[in-house]
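So for the sequence shown, our numbering puts the first residue at 353; every next one is plus one.
By construction, the Cβ of each residue, glycine as well, lies at the ideal position given by its N, Cα and C atoms.
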Amino acid sequence: MLLPLPFSYYYGSGDANALMESALVCFAIGLFVFIPKDISKDFKTKDGFAIVTFGWIVMALLGSLPYLFSGSIPNFTNAIFETMSGFTTTGSTILTDIEALPKGILFWRSITHWLGGMGIIVLTIAILPFLGIAGMQLFKAESSGPFSEKLKPRITHTAKLLWTVYLVLTIAEILLLMSGGMNFYDSINHSFATLATGGFSTYNASIVGQTSYIQYVLIAFMVLAGTNFSLHYYFVTGNWRVYFKSPEFRFYFFSILFASVLIFFNIYSQYNGAIETAFRDSLFQVTSCITCTGFASADYELWGSSSQVVLLLLMMGGGMAGSTAGGIKTVRLILLFKFTYNQFVKVLHPRAVVPLRIGNRYVDDKTVLDVLGFFLLYVVILASSVLLLTLFGLDIISSIGAVVTAMSGVGPGLNLVGPMDNFSFLPDISKWLLSFLMLAGRLELLTVIILLSPNYWKK
């Protein structure tokens, strides 16, 4: 919370005291937490779920302090919504005039994205190994997807490698954006939001009106952010072909190309012959949606319904496992498609033994059941949450868009919560529901939902 102070003083935005007061409160709480306690070393996966979930909730509570103390967001519900949206890298906002926010608070808003991008828990393991408690269970609960891999035997080494890649990409994007004419402050904010696949912009109109160079830089880094970060590590250590050797990356990459071309042919007639602009907008929005970033280079609410359906499906699908993107994850979709195909084969050839394989890896039955269970849970939560939002007064299209964007961590949705709109008009109960969905979606659903089961709390 002290990091935004230089910008507060430089721009004279008057929010320095609020940031220092917030930091002081967090420091006091931190001192209490660090007081030596008799903590059991018998740390189980079951405990990891609770620590990850409640740790995220505590961070949302503390992270809302700068908004409340500065008066930028005086309403508690709105402050929690904005902070949860930041730390879960969702990007949905209740702000009606982003550019009116003090520069320090606006930078803190982007920091919540960047910290949440690779996971607060991974940061803790990488930077604070002297805590002296187990770490593998936390990383398992935080990591994205069913096939998350450790790069090094020790969890601290893995976390440090991931954060090194994350930091290098962030710096590279800052430099490229600045070389395209974006000022230092905006370059940092947008780089934080891109690598975290968060989507918080410092502009009311998001990326609308930015130069083609800026938009192509953002597209490139959104693609990188939606890619498994272990692939980036293997690439820079000499494995040049690692990306297209990955069946998940191939599916992810060609999904972007196919959807971009599909939407381009749907919208190019609206661009009066500006073919490059039409393709750039389609590519930008497809990349923004599949990586669950949520930046907007155009108002896709003005496009046809078929284009909006494609974007909604991309939001649900999401990026690769092991990336900062949200959604169901590409590897789960591949597994679901292959499982369905195998079932058709077994209907035609009942005695056939058809193993399920992704690349060179055979998938065991337990993993298949886990993915099927995840998909069923996703559908149940989606349907029940849409029903609740409609009962709270929101129309069906806006409800679907709001729930999908919250669960997948995208930001904008459809209709009343589209890319040029915000969530400020929703009743508080709807904001609390969406905040819960942001948390559940960011932590792969089961991590949070399992805490609602009475059996979890039984010894």
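Original post:
Do you know how far the Cα of I686 is from the Cα of V816?
Top reply: As shown, the chain starts at 353 and ends at 811. That puts residue 816 outside it, with no answer to give.
Subject >> Length of the line joining the Cα atoms of A577 and G407 >> reply: 24 Å
Original post:
Per DSSP, R709 forms a beta bridge with which residues?
Top reply: Y714
Original post:
L514: which of S659, E434, H584 and A626 sits nearest, CA to CA?
Top reply: H584
Original post:
Thinking C-beta only, is K455 closer than 8 Å to F359?
Top reply: yes
**OP:** Determine the DSSP secondary structure at N369, reduced to helix, strand or coil.
**Re:** helix
Original post:
Helix or strand or just coil, what does DSSP make of F491?
Top reply: Here F491 scores only 42 on pLDDT, less than 50, and its place in the model should not be relied on; the value that follows carries that caveat. F491 falls in the helix class under three-state DSSP.
**OP:** Enumerate, from N- to C-terminal direction, the unbroken alpha helix (DSSP H) stretches of 4 or more residues contained entirely within the region 417–466.
**Re:** 417–422 and 428–439
Original post:
Could you check where the alpha helix (DSSP H) with S612 kicks off and where it finishes?
Top reply: P599 to I619
**OP:** Compute the Euclidean distance between the alpha carbons of A792 and A412, then round it to the nearest angstrom.
**Re:** 13 Å
Original post:
In chain order, what residues of the same chain have a beta carbon less than 8 Å from the beta carbon of G770, not counting five sequence neighbours either side?
Top reply: D651, Y652, E653, G753 and P764
Original post:
With 16 as the cutoff for other CB atoms within 10 Å, does D449 come out buried or exposed?
Top reply: exposed
Original post:
Which of the three DSSP states, helix, strand or coil, is assigned to S657?
Top reply: helix
Original post:
How long is the line joining the alpha carbons of S659 and A758, rounded to whole angstroms?
Top reply: 20 Å
**OP:** Would you check if the region 701–719 and the region 739–754 touch, i.e. whether three or more CB-CB distances between them fall below 8 Å?
**Re:** no
Original post:
Shortest alpha-carbon distance to T546 belongs to which of G561, G711, A557 and I523?
Top reply: I523
Original post:
alpha helix (DSSP H) containing S582: first to last residue?
Top reply: F581 to V588
**OP:** Have a look at R684, R709 and I733 and flag the residue whose alpha-carbon is nearest the alpha-carbon of N694.
**Re:** R709
Original post:
Using the beta-carbon count (16 or more within 10 Å), is W466 buried or exposed?
Top reply: buried
**OP:** Kindly indicate which three-state DSSP category W515 falls into: helix, strand or coil?
**Re:** helix
Original post:
Counting Cβ pairs, one atom from each stretch, are 3 or more of them under 8 Å apart for the region 580–596 and the region 641–650?
Top reply: no
Subject >> Own chain partners of I566 with C-beta closer than 8 Å, once the 5 adjacent residues on each side are dropped >> reply: L529, G532, G533, M534 and I559
Original post:
For V662, which option in I571, L768, F617 and G674 has the closest C-alpha, if you only look at C-alpha atoms?
Top reply: F617
Original post:
What is the DSSP secondary structure of G678, reduced to helix, strand or coil?
Top reply: coil
**OP:** Kindly list the residues whose CB is nearer than 8 Å to the CB of M574, restricted to its own chain and excluding five residues on each side of it in sequence; keep chain order.
**Re:** T546, T549, T639, S640, T643, T645 and F647
**OP:** Note down, one range per segment and in chain order, each alpha helix (DSSP H) of at least 4 residues found wholly within the region 734–780.
**Re:** 748–760
Original post:
Could you give the residue range of the alpha helix (DSSP H) that holds L795?
Top reply: Unbroken run through L795: none, as it is neither H nor E.
Original post:
If F439 sits next to G415, beta carbons under 8 Å apart, how far is it from one beta carbon to the other, in whole angstroms?
Top reply: 6 Å
**OP:** In angstroms with no decimal places, state the Cα-to-Cα distance between P702 and L729.
**Re:** 29 Å
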